[in-house]
Every structure is written in structure tokens, then in C-alpha cells.
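One structure is given below, encoded as C-alpha cells.
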Amino acid sequence: MQLSERGKIDIDKPLITYLPYFKLNDERYKTITIKQMLNHTSGMPDVNDYEWEKAVADEGAAERYTRSLSDQKMVSNPGAEFHYSNMAFDVMGDLIAKVSGMSFEKYVKDNILTPLEMKETSFYFPETKKKLRTTPHTGKPPVVRPVYPYNRMHAPSSTLNTNVLDLSHWAIANIYGGKYKNKQIISPSTYAMMFAPTFIIDPNQKISIGLSWFMRPDNGVMNYSHDGGDLGYRSSLTIIPEKKIGIIILSNTDEIQILEVRDKVLDILRSTSRL
Numbered sequence: 233m234q235l236s237e238r239g240k241i242d243i244d245k246p247l248i249t250y251l252p253y254f255k256l257n258d259e260r261y262k263t264i265t266i267k268q269m270l271n272h273t274s275g276m277p278d279v280n281d282y283e284w285e286k287a288v289a290d291e292g293a294a295e296r297y298t299r300s301l302s303d304q305k306m307v308s309n310p311g312a313e314f315h316y317s318n319m320a321f322d323v324m325g326d327l328i329a330k331v332s333g334m335s336f337e338k339y340v341k342d343n344i345l346t347p348l349e350m351k352e353t354s355f356y357f358p359e360t361k362k363k364l365r366t367t368p369h370t371g372k373p374p375v376v377r378p379v380y381p382y383n384r385m386h387a388p389s390s391t392l393n394t395n396v397l398d399l400s401h402w403a404i405a406n407i408y409g410g411k412y413k414n415k416q417i418i419s420p421s422t423y424a425m426m427f428a429p430t431f432i433i434d435p436n437q438k439i440s441i442g443l444s445w446f447m448r449p450d451n452g453v454m455n456y457s458h459d460g461g462d463l464g465y466r467s468s469l470t471i472i473p474e475k476k477i478g479i480i481i482l483s484n485t486d487e488i489q490i491l492e493v494r495d496k497v498l499d500i501l502r503s504t505s506r507l
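The following block contains the structure:
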């Protein structure tokens, strides 16, 4: 969205406007917009194989990944249905690199991580200080699993290494409309656009998605969240801008019911009249 503010991209234009070599095995790919990729309605499938055992780290990895998708079939018409797609986000990493003129990782570091003083956050695991590393656990009783090697093709969707302190800076910036201390990484008006519902996912539970943020009302107050996980890890970030509250949960086991933990925290906040 920074690149949109700077006039580098128009999120309502088709992706192929900026990445003409992007192609899927379905003519509908030509109409996929950047906005549809941001709210997971592009119709693109999710990643089936992250190829951790064939990890690559060279500068050309992002473009090669985009070019490798020509045999992939779409799962719905663009804009018609919600289908979470890490594939779409990995391709957007290539998009960011092409329109900004720098690698995806460098762009994020220079324009987000550094201004927000997220000093121990990196897409490259070997850069993480040993004292901040965690070991993934799976199963009951828990079994220690090896950490996946870094695969640059999937850095945009899957390889961010961070911690609660750094992530709290990100939460603060989102709570305060793009501002952290005296640094404005994105305008409040753009944040309002990101937080506006773009697609209803579950009308019964009133769950919608904005631009990558999931949202649902809770006691008359809107909660914005995004959760994630992999083998041996779970994560959850929830912000409530109206109440200036952020909830961060990071786990190095995938057995945790992380949304239940988040909801327990919300219950505690309600009991103390914070919500």
C-alpha cells in the first residue's frame, strides 16, 4: 500500500500490468487484480509444496517462482470467492521487487522494519540471534522438529522471523493509523482503506476481510486480526484500534489452540472493563 500511495501501482489494475510474465493455466488469470490478491479473492490456489528441501536464496528466486506457476489452475473466478492463497502473496513479493527496484526483503526492511525499530526481525533465519531462536514442537508428547531452511521463493508469505517486542511495534503502528513514535509509514487514509471490509467471509459470524486484515465485531467494537502457523509453530496478532489494544501470541508448538487463548485474553480484558 506504500507503493500505491507513491503512485507506483494501482491495486485495482490487473497484476499483469506490472508482471507481464505472470501466467496461470486458466485464461481468467488475466483479470486478477492486486486488490483481489490482497483480500484473498483472486481465485489463485494456495501453495501445495513449499519445497523446503530444495531451498534457494538467490536474487532471482521470486521471479522464478512467479514464472513457475503457468501450470496452476484457478479455484474460482477472480473476486467471486474467498480462498486464502500464500501463492498470491509470494507473487506480490515479486511485484514489490519489480516496481520498487529493490528486493522484497530490502524493501520491507528499509520501509517498514527499520522505521518501526523492529531490529531483531528478518526474513532470513540465519540473521536471527541464537538467543531469540525457538525450536518447533509437534505432537503429544511434544517432539522437537528441525527448523525449515530459508526458501526465498516463499519469503513474502512464510519466512518472517520476529519476536513479541518487535511485533508490538508493528501492532502500535497499525493501532495508530500507520504511526510509530514520530514516524508515519503509511497515511491514515490508506489505513482506513485497509481496514474497510472488502469481502464477507462468514455472514453468520460477521467475519469479513479488508486488505489482508480479518475483521469481526465484538461487543460493538471492531477487532482486526491475522493468524498463522507452520509445522511446530502458531502465531496470532489481534488489534483493537478503538480501544488502543493489541494482543500478540507466539507459540513454538502447533498443539496450542491459539484462537482459544486469544479469546481468553479478550475475556480477561472484558472483565477489567478494558473492552
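For the sequence shown, our numbering assigns the number 233 to the initial residue and increments by one for each residue that follows.
Think of the CB as a built atom: it goes at the ideal place given N, C-alpha and C, for glycine as much as any other residue.
A293 burial status per 10 Å Cβ neighbour count (16 or more: buried)
buried
Same chain, Cβ closer than 7 Å to G325, neighbours up to 5 away in sequence not counted
A294, F336, A387, P388
Let me know the secondary structure DSSP gives Y316 once reduced to three states.
coil
Quick check on DSSP: helix, strand or coil for L501?
helix
When the Cα atoms are used, what is the spatial distance from K245 to T265?
5 Å
For I479, collect the residues of the same chain with a Cβ closer than 7 Å to its Cβ; drop the 5 residues on either side in sequence, then sort them by chain order.
T470, R494, V497
Every unbroken beta strand (DSSP E) inside the segment 241-270 [3 residues or more]
none
Let me know if Y412 comes out buried or exposed under the rule of 16 or more other beta-carbons within 10 Å of its beta-carbon.
Around the beta carbon of Y412, 16 or more other beta carbons lie within 10 angstroms, which makes this residue buried.
Tell me H369's beta-bridge partners as DSSP assigns them.
H369 is bridged to V376, T485.
What do you reckon, are the CB atoms on Y380 and A287 nearer than 9 Å?
yes
Quick check on the DSSP output: the alpha helix (DSSP H) that includes I417 runs from which residue to which?
Segment: none, I417 is in no alpha helix (DSSP H) and carries neither H nor E.
Could you say which of G333, S505, T273, E349 lies nearest to I241 if we only look at CA atoms?
G333
C-beta neighbour in chain B for P378, strict 9 Å
Although the question refers to chain B, the structure presented lacks it and comprises just one protein chain.
Consult DSSP for T470 and reduce its assignment to one of helix, strand or coil.
strand
Is the CB-CB distance between G430 and K267 below 9 Å?
Reading off the sequence shown, one finds Thr at residue 430, where the question assumed Gly. Their beta carbons are under 9 Å apart, which means T430 touches K267 by this criterion.
With a CB to CB cut of under 8 Å and the five nearest residues on each side skipped, what residues in its chain are close to V396?
Contacts found: I480, L482.
Note down the Cα distance separating P358 from M276, rounded to an integer number of angstroms.
31 Å
Check for me: the alpha helix (DSSP H) holding D398 runs from which residue to which?
396-407
Considering P449, what are the terminal residues of the alpha helix (DSSP H) in which it resides?
Here P449 belongs to no alpha helix (DSSP H); instead the beta strand (DSSP E) covers 446-450.
Name the residue from P373, N414, D499 whose alpha carbon lies nearest to the alpha carbon of L348.
N414
Buried or exposed (CB count within 10 angstroms, at least 16 for buried), N271
N271 comes out buried.
From the DSSP output, in three-state form, read off F321 for me.
helix
For I477, which of P420, N406, D342 has the nearest alpha-carbon?
N406
Taking the CB atoms as reference points, tell me whether N318 and D278 lie closer together than 9 Å.
Contact: yes.
Complete alpha helix (DSSP H) runs within the segment 329-365 (minimum length 4 residues, chain order):
Unbroken alpha helix (DSSP H) runs of no fewer than 4 residues, entirely contained in the segment 329-365, are found at 336-340, following chain order.
Using C-beta distances below 8 Å, list every residue in its chain close to H369, excluding the 5 sequence neighbours before and after it, in chain order.
V375, V376, R377, G464, N484, T485, D486, E487
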